[in-house]
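Engineer: Just passing along the structure, written as structure tokens.
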Amino acid sequence: MSLRFQRLVLILITLVILGAAVLLILFNTKKNIVFFYTPTELIGKKISSGDRVRIGGFVKNSSLKQISLNQYEFKITDNENDLLVFYQGILPDLFKEGQGAVIEGLIENQSTINALSVYAKHDENYMPASIKEELEKNNQWKKDYK
Amino acid sequence: MFGFLINPSKFNKFADIILKPLILLCSVILIAGLILVYLSPLDYQQGLTVKIMYIHVPSAWLALLTYSIMTIYSVIGIAFKMPFSFIVNKAVAPIGAVFTLICLISGSLWGKPIWGTWWVWDARLTSVAILLLIYLIIIFLDKTFENKEVREKTTAIFILIGSVNLPIIKFSVDWWNTLHQPASVSKLSSPSIDISMLQPLLVMTIAFSLIGLIIAILRIKAEILIRKNR
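Protein chains in written order, with numbering that gives the first Met the number 0: chain A, 0 to 145; chain B, 0 to 229.
See below:
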């Protein structure tokens with residue numbers, strides 16, 4: 000094997016080892032890299048009131064209530080467990096029932112959280128508005144196109 | 000046949016033939032792409048805001064592609080001691096940095112109306128921000144050492160180390176919970192993006208690639224000239 004190919008092999012091996020090392024670090028710190036917990040994941044965690052957490056899930060259907068002009072109450076669900084959220088502020092445009100959302104706030108007790116900020120999460124589906132109307136007309140609209 | 004990819008004088012000859020047709024082609028495709036974007040339908044959820052995608056996604060792809068090209072050239076540059084690799088690395092690093100910056104700015108402008116925030120530190124956004132920092136370090140590394148060989152080798156090694164960030168960016172949305180949505184186009188099942196929106200996206204991607212390629216050719220030619228006259 001010539002010198003240049005020895006160098007090539009050496010570089011590639013170094014890259015593989017480097018990549019493996021970084022991946023090991025990332026996967027072992029997984030719980031610190033996730034942006035949010037789901038309500039079910041939160042139950043397993045040791046949390047006390049006043050802790051700052053981010054919770055992600057869907058806004059539960061028919062749970063959104065407007066208390067006053069800019070005060071809202073709704074439930075975040077992952078279809079197994081719910082979490083009651085109180086929020087004072089402006090909701091993003093995409094925020095509605097059945098839609099994914101991430102909230103950041105302070106834990107009040109096991110099932111209640113005071114949100115400091117609310118982010119709407121949107122999925123990877125893109126579709127022209129006219130096609131949605133067409134699908135709904137023919138009852139072809141699937142609920143999983145959130 | 001592919002000698003122009005590693006030999007400066009062959010590259011110069013090839014570039015002189017291809018540059019003018021390339022500029023013409025790029026202008027046509029860019030105009031066609033912009034017309035397609037103008038005519039493209041509004042999204043059922045995001046409305047008009049979805050059109051930011053036609054800038055955001057191509058620049059993100061190009062930022063990653065530019066870095067991949069630099070990685071390949073760094074490997075052959077160090078292994079086979081080809082000076083042309085280091086010319087390419089120096090020439091295209093700022094192009095990749097600008098694409099990354101466009102991606103971050105357009106993404107921020109997109110995030111505010113849709114998510115409700117300019118910026119969050121989730122895995123996807125953070126890893127792309129790190130990519131921008133890596134690009135900046137590569138650009139500045141070239142202004143450090145006096146000795147040309149040391150400088151080029153150091154830069155190439157740094158590019159190789161930084162390349163571990165590429166798979167992290169790509170898979171960050173699958174490995175961790177992020178606010179950023181998962182991939183729409185490059186996934187195993189059929190793309191979850193309607194064909195009427197996929198077409199303008201792909202045409203814009205080709206236009207962005209050609210813009211990057213033209214700037215790269217001009218910068219590589221300039222760099223070859225500088226080194227010849229030194």
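Here a beta-carbon is modelled for each residue, glycine too, at the ideal position from N, C-alpha and C.
1. Name, please, each residue of chain A whose Cβ falls closer than 8 Å to the Cβ of I167(B).
2. At 7 Å on the CB atoms, spell out the chain A contacts of A128(B), in chain order.
3. Taking the beta carbon of K120(A) as the centre, do at least 16 other beta carbons fall within 10 Å, making it buried, or is it exposed?
4. Name the chain B residues whose beta carbon is nearer than 7 Å to that of N124(A)?
5. Going along chain D, which residues have a C-beta under 9 Å from T116(B)?
6. In whole angstroms, give me the CA-to-CA distance for K111(B) and I225(B).
7. Between M196(B) and chain A, is the shortest Cβ-Cβ distance under 8 Å, so that the two count as touching?
8. Would you say S129(A) lies against chain B (beta-carbon separation less than 8 Å)?
9. State the Cα-Cα distance for the pair D77(A) and I102(A), rounded to the nearest angstrom.
10. Do W120(B) and S107(B) come within 8 Å of each other at the CB atom, strictly closer than that value?
11. Would you report the Cα separation of I16(A) and W60(B), rounded to the nearest angstrom?
12. On a CA-only basis, which of P40(B), V127(B), A155(B) is nearest F240(B)? Give me that one, please.
13. Name, please, each residue of chain B whose Cβ falls closer than 7 Å to the Cβ of R6(A).
14. Less than 8 Å separating the beta-carbons of I75(A) and P127(A)?
15. Which runs of the alpha helix (DSSP H) spanning at least 4 residues fall entirely within the segment 163-204 of chain B, listed in chain order?
16. Return the chain-ordered list of same chain residues with a C-beta closer than 6 Å to the C-beta of G104(A), the five sequence neighbours on each side being excluded.
17. Three-state secondary structure (DSSP) at Y71(A)?
18. With three or more C-beta pairs closer than 8 Å as the rule, is the segment 87-100 of chain A touching the segment 149-164 of chain B?
19. For I12(A), count neighbouring C-beta atoms within 10 Å of its own C-beta (all shown protein chains included) and say buried if the count is 16 or more, exposed if not.
20. Would you decide whether V8(A) is buried or exposed? Buried here means 16 or more other CB atoms lie within 10 Å of its CB.
Structural biologist: The answer reads as follows:
1. Correct list: V21, L25.
2. For A128(B), there are no C-beta contacts with chain A under 7 Å, since the nearest C-beta of that chain is about 14 Å from it.
3. Burial of K120(A) is indicated by the presence of at least 16 other C-beta atoms within 10 angstroms of its C-beta.
4. Here the neighbours are S191.
5. The structure shown contains no chain D; the protein chains it does contain are A and B.
6. Looking at the two C-alpha atoms, the distance is approximately 44 Å.
7. Proximity of M196(B) to chain A, defined by a Cβ-Cβ separation below 8 Å, is satisfied.
8. Cβ-Cβ to chain B under 8 Å: yes for S129(A).
9. Inter-residue distance for D77(A) and I102(A) is about 13 Å (C-alpha atoms, whole angstroms).
10. Contact: no.
11. When rounded, the distance between both Cα atoms is 26 Å.
12. Residue coverage of chain B in this structure runs from 0 to 229, which leaves residue 240(B) outside it and unanswerable.
13. Within 7 Å of the CB of R6(A), the CB atoms of chain B belong to I77, A78, in sequence order along the chain.
14. It is not a contact, given that the beta carbons lie outside the stated cut-off.
15. Fully contained in the segment 163-204 of chain B are the following alpha helix (DSSP H) runs of length 4 or more, in chain order: 164-174.
16. Same-chain partners within the cutoff: I112, N113, A114, L115.
17. Y71(A) falls in the strand class under three-state DSSP.
18. No: fewer than three Cβ pairs fall under 8 Å.
19. I12(A) counts as exposed, since fewer than 16 other beta carbons sit within 10 angstroms of its beta carbon.
20. Counting C-beta atoms within 10 angstroms of its own C-beta, V8(A) has fewer than 16 neighbours from the protein chains shown and is therefore classed as exposed.
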